[in-house]
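Report on one structure; see the data block that follows.
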Amino acid sequence: MNRRELLSLLRSTDPAVVSELTEEAGRVRDQSVGKAVYLRGLVEFSSYCRRGCTYCGINCANSRITRYRMTDAEILGCAEAIQSYAIGTVVLQSGEDSFFTGPKMATIISAIKERTGIAITLSLGERPAADLKLWREAGADRYLLRFETSDQKLFSKIHPPATIPLPGRIEQLQLLRELGYEVGSGIMTGFPGQTCASATDDLLLFQSLDLDMIGIGPYVPHPGTPMADEIGDITSDDQLPNTLATAYKIVALTRILCPSINMPCTTALRTIDPAGYREGLKAGCNVIMPNVTPLDYSERYDIYPGKKRVAQFEQALDLVEKDVTDAGCFVASGAGASRHYRERSGR
Ligand code: 5AD
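Positions 0 to 346 (numbering that gives the first Met the number 0) are the ones given, in order, by the sequence shown.
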């Protein structure tokens, strides 16, 4: 598919386009990576953040939330719980919290590795090269850093004030790759100012970055953030709609363009669509990330409203299992590195 074709698919409002693309993406997923769905246990260990991202509820300017940090022992406890449920990966996510310095994170990473041996994915935002290297050496396997949009002007606008321009983020993705990480990126879909044209470029950038993992989630307005106040001001007639159809279309196109990646059914997708796991899998996803953060913390990890959690983790896993089965897939155990990574790194 060339740029023109992609753009016309994104601009189309025909529901048949969505169903055809999701069906095709499901077939591509089955052929390239199969029906195995890998689980990752998500630990949201700190809601402190130094950044002022205009869309995000835990941005540093939001004084209405109470911030928290989990202790090393609590984080380790979550990793052990994940292992006890036979889930092969822990995802450590936080705001950009300088309390967790390079060496402090490295200690946590090596302790998890030593005690559990499970794969470790980091999602800690933009960090200095020295830290990324240290963490890799300490045993981190993967790193997630969404570029959010390929439109440089838009990127700067939504990431004030000490704007690190888009090229810096792309450089970090390249550095992660050189350090031997399995590299993930992604975008939000349908936020104010994002156009169909720029989303087309996002898809092409996914391809050219040669990513191992791609996460795509619909934008969920968070009251009190600058972006939520902007929704009424949308002026471009090429605005990418903030709809489920659009989110699924972009998920499906991503699978078709990047067949051997790992792609999660994102929490945001599940937030705006109760059937988000099942439908995401049908549209080409192959990963689900159940949240293992203790509930009282998770409620305060308020990047957007409406995150759905069931109190009992066993119950959450049962629901995941059912969604996976309903989508015609099966839950696989193990670390589940992406086929893309295994092939490019010869592992
Ligand atoms: N809606 C949807 N996704 C969001 N994220 C942050 N804020 C929002 C929001 N309001 C996503 C960003 C970030 C990831 C951790 O969460 O894409 O990369």
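Cβ atoms here follow ideal geometry from the backbone N, Cα and C, with glycine treated the same way.
{"Query": "Roughly how many angstroms lie between the CA atoms of residue 11 and residue 89, to the nearest whole one?", "Result": "38 Å"}
{"Query": "Use the C-beta contact count for residue 15: other C-beta atoms within 10 angstroms, 16 or more gives buried, fewer gives exposed.", "Result": "exposed"}
{"Query": "Could you give the DSSP three-state label for residue 85: helix, strand or coil?", "Result": "coil"}
{"Query": "So, does the segment 174-187 touch the segment 208-217, judging by three or more C-beta pairs under 8 Å?", "Result": "yes"}
{"Query": "Which same chain residues, not among the five before or five after residue 354, have their C-beta less than 7 Å away from its C-beta?", "Result": "There is simply no residue 354 to check, as the chain begins at 0 and stops at 346 in what is shown."}
{"Query": "Count the other CB atoms within 10 Å of the CB of residue 149; is the residue buried (16 or more) or exposed (fewer)?", "Result": "buried"}
{"Query": "Can you give me the C-alpha to C-alpha distance between residue 60 and residue 48, rounded to a whole angstrom?", "Result": "9 Å"}
{"Query": "For the ligand 5AD, is there any heavy atom lying closer than 6 Å to the beta carbon of residue 264?", "Result": "no"}
{"Query": "Is residue 221 near the ligand 5AD, in the sense that its beta carbon is under 6 Å from a heavy atom of that ligand?", "Result": "yes"}
{"Query": "Tell me whether residue 348 is buried or exposed, calling it buried when 16 or more other Cβ atoms sit within 10 Å of its Cβ.", "Result": "Any property of residue 348 remains undetermined from this structure, which presents the chain solely from 0 to 346."}
{"Query": "State yes or no: is the C-beta of residue 55 nearer than 6 Å to some heavy atom of the ligand 5AD?", "Result": "yes"}
{"Query": "For the ligand 5AD, I want to know if residue 126 counts as a neighbour, meaning its beta carbon is within less than 6 Å of at least one of the ligand's heavy atoms.", "Result": "no"}
{"Query": "Helix, strand or coil: how does DSSP classify residue 70 here?", "Result": "coil"}
{"Query": "If you reduce the DSSP assignment to three classes, tell me which class residue 191 lands in.", "Result": "coil"}
{"Query": "Per DSSP, residue 92 forms a beta bridge with which residues?", "Result": "43, 122"}
{"Query": "Looking at residue 288 and the ligand 5AD, is the gap between the Cβ and the nearest heavy atom below 6 Å?", "Result": "no"}
{"Query": "Is residue 187 near the ligand 5AD - that is, is its Cβ less than 6 Å away from at least one heavy atom of it?", "Result": "yes"}
{"Query": "Apply the 10 Å Cβ neighbour rule to residue 143 and answer buried if 16 or more other Cβ atoms are within range, or exposed otherwise.", "Result": "buried"}
{"Query": "Would you mind working out which of 51, 2, 233, 82 sits nearest residue 38, comparing C-alpha positions?", "Result": "82"}
{"Query": "For the ligand 5AD, is there a heavy atom less than 6 Å away from the beta-carbon of residue 267?", "Result": "yes"}
{"Query": "With respect to 6 Å, is the separation between the Cβ of residue 216 and the closest non-hydrogen atom of the ligand 5AD below this value?", "Result": "yes"}
{"Query": "In the DSSP assignment, what are the bridge partners of residue 212?", "Result": "183, 261"}
{"Query": "By how many angstroms is the C-alpha of residue 68 removed from the C-alpha of residue 96?", "Result": "9 Å"}
{"Query": "Under a Cβ-count criterion, where at least 16 other Cβ atoms within 10 Å of its own Cβ denotes burial, should residue 1 be classed as buried or exposed?", "Result": "exposed"}
{"Query": "Anyone know if the C-beta pair for residue 251 and residue 21 falls short of 7 Å?", "Result": "yes"}
{"Query": "Roughly how many angstroms separate the alpha carbons of residue 112 and residue 334, rounded to a whole number?", "Result": "13 Å"}
{"Query": "Looking at C-alpha atoms only, which residue of 177, 230, 159 is the closest neighbour of residue 135?", "Result": "177"}
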